[in-house]
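Chemist: Okay, handing you the structure first.
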Amino acid sequence: MSDLTTFIGRVQIRNPLILAAGILGSTFSTLNRAYQEGFGAVVTKSVGRHPRDGHPNPSVVYIPETDSILNAVGLANPGCIEFGKELVKIHSDVKLIVSIFGSTAEDISSVIQCIENNIGNSKSVAFELNLSCPHVQKVGMLVGTDPKLVYDIVNQAKSITKTAIWIKLTPNVKDITIIGEAAIDAGADALVAINTLKAMLINVEARKPILANLRGGLSGRAIKPIGIRAIYDLYEKFGPKVPLIGVGGIWTWEDIVEYFLAGACSVQIGSVLSQYSSPQFIISELLTGLQKYLVQEGLSLHELRGLAHE
Amino acid sequence: MSDLTTFIGRVQIRNPLILAAGILGSTFSTLNRAYQEGFGAVVTKSVGRHPRDGHPNPSVVYIPETDSILNAVGLANPGCIEFGKELVKIHSDVKLIVSIFGSTAEDISSVIQCIENNIGNSKSVAFELNLSCPHVQKVGMLVGTDPKLVYDIVNQAKSITKTAIWIKLTPNVKDITIIGEAAIDAGADALVAINTLKAMLINVEARKPILANLRGGLSGRAIKPIGIRAIYDLYEKFGPKVPLIGVGGIWTWEDIVEYFLAGACSVQIGSVLSQYSSPQFIISELLTGLQKYLVQEGLSLHELRGLAHE
Amino acid sequence: MNDILFNLPKCLTIRNKESHNEKTSTLTFSLPFEYSIRPGQYFMLWVPGVDEVPISVSGYHGTHISFTICDVGSASRSLNNKGHTELIGLRGPFGNGFEVEYGKNALIVAGGMGIAPLRFLIQCLTSNITSSQRIVLIQGAKTCNDLLFRSEFERLPIETNFCTEDGSYGFKGFASTKMDLLLGDLIQSDFNLEIFACGPEIFLKKVLYVAQKNKIEKNTQICLADRHIRCGFGICGSCFLDDIGLSLCRDGPVFRGSVLLEVTDFGQYGRKSNGLKYQFH
Amino acid sequence: MNDILFNLPKCLTIRNKESHNEKTSTLTFSLPFEYSIRPGQYFMLWVPGVDEVPISVSGYHGTHISFTICDVGSASRSLNNKGHTELIGLRGPFGNGFEVEYGKNALIVAGGMGIAPLRFLIQCLTSNITSSQRIVLIQGAKTCNDLLFRSEFERLPIETNFCTEDGSYGFKGFASTKMDLLLGDLIQSDFNLEIFACGPEIFLKKVLYVAQKNKIEKNTQICLADRHIRCGFGICGSCFLDDIGLSLCRDGPVFRGSVLLEVTDFGQYGRKSNGLKYQFH
Ligand SMILES: Cc1cc2nc3c(=O)[nH]c(=O)nc-3n(C[C@H](O)[C@H](O)[C@H](O)COP(=O)(O)OP(=O)(O)OC[C@H]3O[C@@H](n4cnc5c(N)ncnc54)[C@H](O)[C@@H]3O)c2cc1C
Ligand SMILES: Cc1cc2nc3c(=O)[nH]c(=O)nc-3n(C[C@H](O)[C@H](O)[C@H](O)COP(=O)(O)OP(=O)(O)OC[C@H]3O[C@@H](n4cnc5c(N)ncnc54)[C@H](O)[C@@H]3O)c2cc1C
Ligand SMILES: Cc1cc2nc3c(=O)[nH]c(=O)nc-3n(C[C@H](O)[C@H](O)[C@H](O)COP(=O)(O)O)c2cc1C
Ligand SMILES: Cc1cc2nc3c(=O)[nH]c(=O)nc-3n(C[C@H](O)[C@H](O)[C@H](O)COP(=O)(O)O)c2cc1C
Ligand code: FES
Ligand code: FES
Numbered sequence: 026m027s028d029l030t031t032f033i034g035r036v037q038i039r040n041p042l043i044l045a046a047g048i049l050g051s052t053f054s055t056l057n058r059a060y061q062e063g064f065g066a067v068v069t070k071s072v073g074r075h076p077r078d079g080h081p082n083p084s085v086v087y088i089p090e091t092d093s094i095l096n097a098v099g100l101a102n103p104g105c106i107e108f109g110k111e112l113v114k115i116h117s118d119v120k121l122i123v124s125i126f127g128s129t130a131e132d133i134s135s136v137i138q139c140i141e142n143n144i145g146n147s148k149s150v151a152f153e154l155n156l157s158c159p160h161v162q163k164v165g166m167l168v169g170t171d172p173k174l175v176y177d178i179v180n181q182a183k184s185i186t187k188t189a190i191w192i193k194l195t196p197n198v199k200d201i202t203i204i205g206e207a208a209i210d211a212g213a214d215a216l217v218a219i220n221t222l223k224a225m226l227i228n229v230e231a232r233k234p235i236l237a238n239l240r241g242g243l244s245g246r247a248i249k250p251i252g253i254r255a256i257y258d259l260y261e262k263f264g265p266k267v268p269l270i271g272v273g274g275i276w277t278w279e280d281i282v283e284y285f286l287a288g289a290c291s292v293q294i295g296s297v298l299s300q301y302s303s304p305q306f307i308i309s310e311l312l313t314g315l316q317k318y319l320v321q322e323g324l325s326l327h328e329l330r331g332l333a334h335e
Numbered sequence: 026m027s028d029l030t031t032f033i034g035r036v037q038i039r040n041p042l043i044l045a046a047g048i049l050g051s052t053f054s055t056l057n058r059a060y061q062e063g064f065g066a067v068v069t070k071s072v073g074r075h076p077r078d079g080h081p082n083p084s085v086v087y088i089p090e091t092d093s094i095l096n097a098v099g100l101a102n103p104g105c106i107e108f109g110k111e112l113v114k115i116h117s118d119v120k121l122i123v124s125i126f127g128s129t130a131e132d133i134s135s136v137i138q139c140i141e142n143n144i145g146n147s148k149s150v151a152f153e154l155n156l157s158c159p160h161v162q163k164v165g166m167l168v169g170t171d172p173k174l175v176y177d178i179v180n181q182a183k184s185i186t187k188t189a190i191w192i193k194l195t196p197n198v199k200d201i202t203i204i205g206e207a208a209i210d211a212g213a214d215a216l217v218a219i220n221t222l223k224a225m226l227i228n229v230e231a232r233k234p235i236l237a238n239l240r241g242g243l244s245g246r247a248i249k250p251i252g253i254r255a256i257y258d259l260y261e262k263f264g265p266k267v268p269l270i271g272v273g274g275i276w277t278w279e280d281i282v283e284y285f286l287a288g289a290c291s292v293q294i295g296s297v298l299s300q301y302s303s304p305q306f307i308i309s310e311l312l313t314g315l316q317k318y319l320v321q322e323g324l325s326l327h328e329l330r331g332l333a334h335e
Numbered sequence: 008m009n010d011i012l013f014n015l016p017k018c019l020t021i022r023n024k025e026s027h028n029e030k031t032s033t034l035t036f037s038l039p040f041e042y043s044i045r046p047g048q049y050f051m052l053w054v055p056g057v058d059e060v061p062i063s064v065s066g067y068h069g070t071h072i073s074f075t076i077c078d079v080g081s082a083s084r085s086l087n088n089k090g091h092t093e094l095i096g097l098r099g100p101f102g103n104g105f106e107v108e109y110g111k112n113a114l115i116v117a118g119g120m121g122i123a124p125l126r127f128l129i130q131c132l133t134s135n136i137t138s139s140q141r142i143v144l145i146q147g148a149k150t151c152n153d154l155l156f157r158s159e160f161e162r163l164p165i166e167t168n169f170c171t172e173d174g175s176y177g178f179k180g181f182a183s184t185k186m187d188l189l190l191g192d193l194i195q196s197d198f199n200l201e202i203f204a205c206g207p208e209i210f211l212k213k214v215l216y217v218a219q220k221n222k223i224e225k226n227t228q229i230c231l232a233d234r235h236i237r238c239g240f241g242i243c244g245s246c247f248l249d250d251i252g253l254s255l256c257r258d259g260p261v262f263r264g265s266v267l268l269e270v271t272d273f274g275q276y277g278r279k280s281n282g283l284k285y286q287f288h
Numbered sequence: 008m009n010d011i012l013f014n015l016p017k018c019l020t021i022r023n024k025e026s027h028n029e030k031t032s033t034l035t036f037s038l039p040f041e042y043s044i045r046p047g048q049y050f051m052l053w054v055p056g057v058d059e060v061p062i063s064v065s066g067y068h069g070t071h072i073s074f075t076i077c078d079v080g081s082a083s084r085s086l087n088n089k090g091h092t093e094l095i096g097l098r099g100p101f102g103n104g105f106e107v108e109y110g111k112n113a114l115i116v117a118g119g120m121g122i123a124p125l126r127f128l129i130q131c132l133t134s135n136i137t138s139s140q141r142i143v144l145i146q147g148a149k150t151c152n153d154l155l156f157r158s159e160f161e162r163l164p165i166e167t168n169f170c171t172e173d174g175s176y177g178f179k180g181f182a183s184t185k186m187d188l189l190l191g192d193l194i195q196s197d198f199n200l201e202i203f204a205c206g207p208e209i210f211l212k213k214v215l216y217v218a219q220k221n222k223i224e225k226n227t228q229i230c231l232a233d234r235h236i237r238c239g240f241g242i243c244g245s246c247f248l249d250d251i252g253l254s255l256c257r258d259g260p261v262f263r264g265s266v267l268l269e270v271t272d273f274g275q276y277g278r279k280s281n282g283l284k285y286q287f288h
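Top to bottom, those sequences are chains A, B, C and D. Be aware that the first sequence starts at 26, since it is given in the numbering used here, and climbs by one per residue. Be aware that the second sequence starts at 26, since it is given in the numbering used here, and climbs by one per residue. Be aware that the third sequence starts at 8, since it is given in the numbering used here, and climbs by one per residue. Be aware that the fourth sequence starts at 8, since it is given in the numbering used here, and climbs by one per residue.
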């Protein structure tokens with residue numbers, strides 16, 4: 026058996042599979058359950074300063090042809106004060122990453138402070154700044170495509186907390202490494218790529234966009250080759266010193282290996298959960314496959330990282 | 026039977042299905058055959074000033090899980106002089122669009138001139154400027170993400186030819202309408218969206234990127250929701266006055282209707298041809314479905330355009 | 008995701024529409040082909056331009072599928088106001104549905120709109136009923152006018168017990184109170200019983216209490232409806248029940264009473280679309 | 008795309024390697040399971056870091072698949088130099104393959120490396136041979152040393168005719184010349200004949216000429232190999248034949264002689280990887 030313990034900078038987790046932001050993670054119960062069923066760590070639904078109802082339905086639909094999901098949940102969240110109370114109920118052994126969105130450096134810092142005031146500054150192992158949601162105006166992607174703003178956000182966040190700061194990047198840019206660089210220059214502890222791609226579907230009978238928000242983000246199997254390239258590009262630019270977390274379309278253990286070979290040191294899992302009645306099934310499938318591969322190749326997980334660059 | 030005659034600005038074609046650039050279209054024989062088998066018009070493989078061998082193999086692979094294709098052909102072409110000779114042999118009734126790439130306004134204009142010198146200025150109905158190839162350095166996408174450069178290219182192209190100028194846009198940008206706007210401001214006659222998405226796949230056994238060029242472009246079913254959104258965004262910005270040609274992941278007649286509802290007035294067909302032993306089968310399937318839908322809805326193709334915006 | 012007929016909304020026109028009272032009607036659609044759909048499952052019904060909401064299947068036969076909808080807000084109102092030519096999008100079926108053992112005696116307890124999925128269950132049970140089998144229905148509603156499908160049920164080979172809050176028909180009081188009165192007797196007469204219940208969560212809490220008192224919570228199947236549904240397939244997290252973290256949309260909407268005893272929020276707290284907890288009343 | 012085993016390259020190690028001469032060897036791999044593969048079909052063989060090239064299946068039995076490769080450049084050389092632990096990617100099978108009618112008499116004409124797919128064809132034909140059936144092979148090569156699989160063929164129930172350009176073995180001259188000499192007789196003796204041929208296009212042009220002279224071009228199946236292959240599934244356009252626009256990779260590589268008569272480039276022009284035409288010589 027290969028040891029699957031994973032380091033993302035200083036953050037140590039028991040295996041490299043992390044529950045992606047916005048998947049299940051709206052409540053303490055689901056985060057507890059997901060961790061209990063085997064994830065190495067769990068990311069919460071993105072939380073902002075104030076409550077947001079999110080977009081009306083349809084807000085999440087499954088595209089069977091390509092095993093993909095189109096969503097425009099619209100960053101629904103109860104605001105950081107209420108969400109802080111929720112997070113208090115998370116078991117102390119859960120490796121928790123709190124996902125945060127906002128439109129300015131102040132905004133985001135105030136959410137970090139609010140959460141830390143509620144849960145203390147040792148409960149979460151990292152804050153993941155979602156600068157990449159493609160379907161909410163003014164927050165999310167618009168923020169994450171401006172290197173100067175990203176620098177300021179990360180810089181200020183780093184100055185107010187000792188907790189690791191991860192930056193979630195959008196693929197909806199010409200060159201993802203430019204934003205990554207701004208984040209790293211400002212002291213980000215890890216980069217997470219990718220968030221969903223700007224997308225839309227139209228119902229031909231009703232002649233209307235399916236999502237109530239009209240536009241949404243594409244995740245799932247369709248986007249894996251885009252995520253792999255993002256991680257490859259980032260690793261090529263930064264080398265092994267910057268922790269990279271691969272996310273997008275992971276469906277099988279081979280996909281995880283692909284992300285590691287591209288340069289990831291950990292991965293996040295989202296849409297594939299739609300295929301299983303319970304996270305434990307997919308987690309054990311993925312970890313078993315990964316273990317077998319590592320043993321067969323005689324490599325540790327750590328050694329796997331970035332090998333496609335050789 | 027609904028009349029499928031389609032206008033893209035001044036360009037009239039017998040039906041809205043256009044063979045996409047780089048699919049089959051490297052030789053006069055394939056372009057003749059594709060038109061003969063039913064396409065409304067055919068776009069050539071992109072041609073540049075000088076011969077290019079393209080990238081070594083693997084350069085085109087099929088991804089069965091999502092009915093998609095990853096390619097890095099690398100703009101292989103014999104150069105505009107030789108390609109001009111090729112195009113002379115195209116039957117005079119074929120509605121021909123010549124796809125052109127280059128890195129500067131001069132470059133692209135010289136290719137247009139070279140082609141027109143060879144084939145005369147009435148043989149092709151349009152030039153499609155490929156400013157969007159995601160896997161060739163210095164030409165393609167890098168060009169197509171700079172609004173100023175796009176403006177100059179289109180401006181100069183318009184000044185040297187009376188033939189329509191179509192601009193093929195890349196989805197690998199924050200906001201596709203910015204590039205579209207530059208093109209339209211400079212006088213472009215139509216916008217074509219989308220080209221492929223930046224992508225990569227890695228073989229887990231060999232631990233190497235599959236494409237010889239490492240990086241490539243993703244087409245096929247996976248990218249349809251991204252293409253639909255691009256057309257929707259462009260139509261929202263420009264309204265019906267700018268002809269829009271939808272391309273990306275069209276697999277069924279419903280996909281065509283979706284593109285029309287989003288705002289396209291014509292579509293291009295690429296990767297789906299991998300599913301059929303001969304273009305005629307997919308063309309007749311698509312046209313039959315489209316006809317049936319139009320009759321049932323009591324709409325003309327023209328009336329369908331942009332209806333999802335109402 | 009394997010047994011879902013429409014993953015993306017499929018738009019259909021209303022084939023038939025029956026009004027039950029000012030606020031409630033049953034819409035029937037014709038599916039493109041026969042499909043396996045279980046009572047307790049629901050569809051997401053999309054009114055383009057308005058909203059998409061979860062609605063239980065209240066009847067299914069051949070290719071005809073029915074939904075019974077009570078007007079409580081924008082989507083339900085516009086569903087009920089749709090004409091025969093307008094399109095409604097269907098996505099589903101979602102959820103687990105009831106576990107039905109044919110031939111077993113059944114006690115069906117409905118509160119208000121909770122009758123909708125139970126009506127489909129009753130259709131299934133009575134279409135396979137045996138001579139020795141007892142099917143007992145306790146249906147409660149505010150007024151006589153709200154006792155949906157009453158005359159239909161009265162024609163069926165089942166034992167009906169109607170209750171109204173205002174006493175305008177049958178027993179005056181809640182269906183759960185009537186259940187409390189009947190259950191002891193039913194169990195004593197060697198009633199090998201499966202209980203099926205649906206209604207507002209506060210009401211279902213009472214039903215579960217009665218079942219538990221009679222030590223029959225394991226044979227009690229309760230269909231919930233008071234959580235916000237977005238995806239329908241268990242991924243977005245908006246419908247989960249505390250503490251154990253079960254999704255209403257996919258793990259449910261039907262749960263065994265014994266499971267619900269561990270659901271701390273059951274009958275007490277719901278969550279708004281933004282995830283905020285609120286107390287039922 | 009339905010009958011393709013590996014759409015993306017599947018990397019395998021060489022199970023067995025047999026050298027035929029300084030430049031040619033046969034590599035055998037073990038597929039994960041049995042699959043339907045026809046003679047004339049080919050795979051794309053990928054040497055990571057080098058190139059990926061089309062290579063015909065030269066043998067297939069159970070799960071063991073063989074390729075016979077002549078070193079003409081970087082990819083073929085490195086394929087032949089690979090050891091047993093190194094990985095080679097397989098993508099395929101691609102192409103149409105020969106139409107095989109078992110029981111019918113066959114004349115097989117191979118020029119040089121053209122023997123590779125024909126060897127698999129011979130394996131298939133002889134494994135089902137009937138007592139009255141004649142299988143005649145005319146194999147040509149530069150020298151005796153280049154007559155691949157000669158001793159294997161000599162052990163089979165087929166009539167062999169070897170030809171070398173330098174006369175170092177068998178008939179001195181081209182296989183097409185030998186074919187010209189034999190074909191008249193074969194047809195006269197009421198030979199209900201199917202001709203299968205593979206080799207350099209210039210050579211195949213001669214084969215077709217001989218077949219046409221004997222009015223048997225419709226029963227002549229010719230396997231081509233002189234076009235640049237990228238995708239293998241008929242989409243990229245790099246392998247098409249003028250004028251009718253047939254893809255070698257998918258419509259072919261096997262064509263009836265009657266079809267090739269309409270291919271204006273056949274035996275005359277190929278295309279480089281950039282699409283430029285060049286003349287064969
Ligand atoms: C599994 C399930 C089955 C249901 N079956 C039926 C049925 O058969 N017949 C019936 O009349 N009703 C049923 N409901 C309830 C029905 O979904 C709501 O009444 C409906 O969503 C109201 O929407 P609205 O736009 O009309 O009201 P709104 O004005 O939008 O909201 C009124 C209330 O309806 C509820 N609601 C709104 N949107 C949703 C949503 N997306 N998910 C869950 N609740 C929501 C909330 O409690 C909200 O406060 C069911 C609910 C669930 C979860
Ligand atoms: C359908 C088909 C079946 C074939 N079967 C066999 C076989 O069984 N055994 C065998 O030894 N050879 C076979 N070939 C030929 C073989 O593909 C070439 O010899 C090989 O590609 C040479 O590659 P290289 O890198 O070694 O040489 P390079 O130095 O790259 O090129 C040498 C020559 O090989 C040809 N070539 C190179 N790349 C390709 C390509 N992608 N597609 C087509 N031709 C190419 C060109 O003519 C080129 O000029 C087949 C070709 C085709 C099209
Ligand atoms: C329903 C849904 C909700 C999501 N919500 C968030 C979110 O709140 N914050 C965020 O950073 N990403 C969010 N994402 C994006 C995912 O975290 C992830 O980046 C994306 O889905 C790609 O991974 P996948 O293909 O494995 O799903 C959401 C995705 C989905 C499908
Ligand atoms: C093998 C291949 C080669 C391509 N070559 C070109 C090209 O030369 N010029 C161009 O503008 N687009 C090229 N494209 C992109 C297509 O024209 C089209 O934009 C894209 O494939 C999306 O459409 P589809 O999903 O229908 O294939 C190529 C695509 C493929 C798959
Ligand atoms: S509605 Fe999305 S998880 Fe239940
Ligand atoms: S190799 Fe691509 S079309 Fe034949």
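Where is the CB? At the ideal position from N, CA and C, for every residue including glycine.
Tell me which same chain residues have a C-beta within less than 6 Å of the C-beta of residue 75 of chain C, skipping the five on either side of it?
Modeler: Within the third sequence, residue 75 of chain C is the residue found at index 68, counting from 1. Excluding positions up to five away in sequence, the list reads 33, 65, 123.
Chemist: Measuring alpha carbon to alpha carbon, tell me which residue in D:59, D:202, D:72, D:190 is nearest residue 23 of chain D.
Modeler: Taking the first residue of the fourth sequence as 1, we reach residue 23 of chain D at position 16. Here the closest residue by C-alpha is D:72.
Chemist: Does the beta-carbon of residue 230 of chain C, which I'm using as the reference point, lie nearer than 6 Å to any heavy atom of ligand 5?
Modeler: Here residue 230 of chain C refers to the residue found at position 223 when the third sequence is read from its first residue. No, Cβ of residue 230 of chain C sits at least 6 Å from all heavy atoms of ligand 5.
Chemist: Okay, do the stretch 53-64 of chain B and the stretch 83-95 of chain B touch, 3+ Cβ pairs below 8 Å being the bar?
Modeler: Short answer: they don't touch.
Chemist: Return helix, strand or coil for residue 58 of chain D, following the three-state DSSP convention.
Modeler: As a working note, residue 58 of chain D is residue 51 in the fourth sequence. In the structure shown, residue 58 of chain D sits in a strand (DSSP, three-state: E or B).
Chemist: List the whole-angstrom C-beta distance separating residue 102 of chain C from residue 210 of chain C, where the pair is believed to meet the contact cut-off of C-beta under 8 Å.
Modeler: Residue 102 of chain C sits at position 95 when you count from the first residue of the third sequence. Residue 210 of chain C sits at position 203 when you count from the first residue of the third sequence. With 8 Å as the limit, residue 102 of chain C and residue 210 of chain C do not qualify as a contact, their Cβ atoms being about 20 Å apart.
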